[in-house]
Each structure stands twice: as C-alpha cells, then as structure tokens.
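Peer 1:
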Amino acid sequence: MAGETVITVTGNVVADPELRFTPSGAPVANFRIASTPRHFDREANEWKDGEPLFLGVSAWRQLGENVAESIQKGARVVIVGRLVQRQYEKTDGSKGSSYEITADEVAPSLKNATAVVTKTTGNGGQQQGGYSQQQPPQQGGWNSQQQGDQWATNGQQQRRGYSDEPPF
C-alpha cells in the first residue's frame with residue numbers, strides 16, 4: 001500500500017502473545033519483541049550488546065490465532081509488517097507516541113533453532129499444531145509449544161484502544 005513503511009525486524013519475544021477478540025469477533029494477537037544490536041569491540045576482542053529496541057506487534061485474524069498457538073516468550077522471531085506510530089495522551093495531559101508493527105508475516109528464526117511447521121486446516125482457525133522451536137540437542141534445548149487450552153478465554157474481550165478492524 002502506498003505511503004506505508006514496510007519493515008522487517010528480528011528479535012526475541014518478551015511476553016507470551018495475548019489473543020483478544022474485537023466486538024465483531026476478529027481475533028488479534030498482541031505481543032512485544034526486543035531487538036538488540038550487537039557489535040564486535042576490537043579493543044576488548046569481544047561481542048557487546050547495544051541498546052534494545054522494544055516494539056509492540058499486532059497480528060490480526062488467522063495470523064493472530066496462529067501466533068497465539070505457536071509463539072511463546074523467549075522465542076526468536078522474524079516479523080514482516082508495517083510500522084505504525086500511535087499517538088496518545090499521558091495521565092499528566094502531555095502527548096506521547098509509540099511505534100508498533102502491524103504484522104503481515106511472523107516466523108520463527110532458524111539461526112539457533114529448528115522448527116516443524118504444520119499447515120492449518122482453515123476451519124475457523126483451529127490448528128492441528130504449530131511449530132516447535134528448539135535449541136540444538138547438544139546445547140540442552142527448550143520447547144516453545146503452548147501447553148494447555150489458551151482458547152478457553154472469553155471470546156469477546158477487547159484490548160483498550162483497538163477498534164473493530166485492523167488499521168489497514
């Protein structure tokens with residue numbers, strides 16, 4: 001779409017995605033990622049972390065349901081989407097802004113993990129599985145598949161500040 005800022009960001013999920021539903025029933029998964037740049041310090045002969053960039057991510061409809069089923073805190077992900085600036089008023093009356101990504105694609109990073117992908121059935125968002133992101137076995141792994149029934153939430157919850165439909 002003309003005039004939109006398309007962005008690709010790689011980062012770590014800092015909190016489990018939260019799946020909500022708009023009043024019209026459209027699902028949206030919201031989560032935050034931290035993207036931390038690294039650089040090599042030649043004087044110290046070591047890698048050093050820079051300042052992390054924290055971004056909110058919104059994934060709508062089927063993508064949102066798949067994200068909620070597949071992604072957990074700690075997973076390294078690649079996000080492709082549109083950068084959005086949100087304006088808000090603080091409690092003291094001053095204005096503030098934040099940047100968020102409206103995701104078009106969310107994928108596990110395979111830099112230090114493996115994933116098994118299961119195609120969705122397309123029957124109202126029910127999924128036969130997600131992906132399993134694991135460290136290589138020699139490093140003692142972790143599994144990021146969701147446990148329990150996260151679909152057992154009130155389907156009519158709405159996150160404050162979100163309208164019926166995505167901003168596109």
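Numbering follows our numbering, with no gaps: position 84 of the sequence shown is 84.
From the three backbone atoms N, C-alpha and C, an ideal C-beta is built for every residue, glycine too.
Bear in mind that the values here come from a model prediction, so they are computed numbers and not experimental data.
1) Please identify the residue among Pro108, Ala103, Lys95, Gly64 whose C-alpha is closest to the C-alpha of Thr5.
2) So Glu46 is in the beta strand (DSSP E); what residue range does that whole segment cover?
3) Can you tell me the Cα-Cα spacing of Arg32 and Ala44, whole angstroms?
4) Which residue from Gln62, Val13, Pro17, Ala2 puts its Cα closest to that of Ser35?
5) Measure the alpha-carbon distance for Val80 versus Trp47 and round it to whole angstroms.
6) Among Trp60, Asp49, Thr118, which one has its Cα closest to the Cα of Ser24?
7) First and last residue of the alpha helix (DSSP H) that includes Glu18?
8) Can you name the start and end residues of the beta strand (DSSP E) that Arg32 belongs to?
Peer 2: Answer, in terms of the structure:
1) Ala103
2) 46-49
3) 32 Å
4) Val13
5) 27 Å
6) Trp60
7) Glu18 -> not in any alpha helix (DSSP H); beta strand (DSSP E) instead, spanning 18-21.
8) 27-35
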